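Take 124 as the starting number for the sequence shown in the working numbering and just add one per residue. Beta carbons: idealized from backbone N, C-alpha and C, even for Gly. Please read all numbers here as calculations on a predicted model, not as lab measurements.
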Amino acid sequence: MVHPISLERTAAGKPKPRADQLGFGKYFTDHMFIMDYDSESGWHHPRILPYQPIQLDPATKVFHYAQTVFEGLKAYKAADQSIRLFRPRSNIQRLNRSNDRLSIPPIDEELALQALKELVRVDQDWIPQGEGTSLYIRPFVIATEPALGVAPSRRYQFIIILSPVGSYFAEGVRPVPIHVESDYVRAVAGD
124 MVHPISLERT AAGKPKPRAD QLGFGKYFTD HMFIMDYDSE SGWHHPRILP YQPIQLDPAT
184 KVFHYAQTVF EGLKAYKAAD QSIRLFRPRS NIQRLNRSND RLSIPPIDEE LALQALKELV
244 RVDQDWIPQG EGTSLYIRPF VIATEPALGV APSRRYQFII ILSPVGSYFA EGVRPVPIHV
304 ESDYVRAVAG D
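Listed below in C-alpha cells is the structure:
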C-alpha cells in the first residue's frame, strides 16, 4: 500500500563534501523524514522536509528515561547508477523489535520502507561513489512527551536522517579502547 508522504524541498542545497573528507557521520544531506505519533491518532503526518534542528521541551521523556531506539543501514550506487540498499526490511523489523522492548508503538513496516526509499531518492545526489563510501541511513524513534512521570511516552517521532560516509575508522578496523567500571554502578551493588 502506498501512503501519502508530503515533500518540502530545501530552498538551497548544502555543499557536498569530497569523498576523501567524509569520515563517519559528520555531514548530513539536505532532507530528513519525520512522522509523529500520539495515543489518539497513532502514527500520522509522514513528511520529508529540509534537514533542520529538532525543538524539544527540556522535560521530554527521551532526555530523562532514554526511551529511544535507532537502526543503521547503507545505500550505494551501482555502476549503472541504480541505488542499492542493504536489507532495509530487516532493519525496519529490528527497529520494531526494539520498539516493542521499550513500549514504543510499532511503525507500519511498509510505510517505513516507503519513507526510507523516498528520502534516499530525494537525496540520491548525496550518495558518494568513491571506494569504501556509502550513504548511511539512520532511522530512529524518540519519546517526545514532556513529562517526568515514570511511564511510556504518549508521543513519539520517527525520524530518518542521511549521512554520506567513508570508513568508520579512518585508520582501518582496529580494537577500540574502553573502560569497564567494576566498583561503581548506578543502580545496584557491584560484584
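From the options, residue whose alpha carbon lies closest to that of residue i
i	options	result
Y174	I301, S286 and S305	S286
Y160	A238, I260 and P228	P228
L179	H302, Y279, I284 and R210	Y279
A238	R261, S226 and R277	R261
I157	E304, H302 and I284	I284
G148	R132, W166 and L196	L196
V185	P176, E304, W249 and L271	L271
Close Cβ partners of residue i (< 7 Å) along its chain, the five nearest in sequence each way excluded
i	result
L145	P251, T256, P287, V288 and G289
H154	T133, I171, L172, P173, Y174, L242, V245 and D246
D314	Caution is warranted here: a pLDDT of 49 is assigned to D314, below 50, making its placement in the model unreliable, and no coordinate value can be reported.
E304	none
Whole-angstrom C-beta distance between residue j and residue i, which should lie under 8 Å
i	j	result
A266	T191	7 Å
P300	T183	Not really, about 33 Å apart at Cβ, beyond 8 Å.
L242	I215	Incorrect: roughly 13 Å between the Cβ atoms, too far for contact.
N222	E232	Incorrect: roughly 11 Å between the Cβ atoms, too far for contact.
Those residues which DSSP pairs with residue i across a bridge
i	result
L172	M155
D161	G165 and R278
A135	Per DSSP, none; premise fails for A135.
T183	P269
L130	I171
Own chain partners of residue i with C-beta closer than 6 Å, once the 5 adjacent residues on each side are dropped
i	result
G253	A142
For this session: Give, in chain order, every unbroken run of the alpha helix (DSSP H) that is at least 4 residues long and sits entirely within the stretch 190 to 262.
Result: 211 to 224 and 232 to 245
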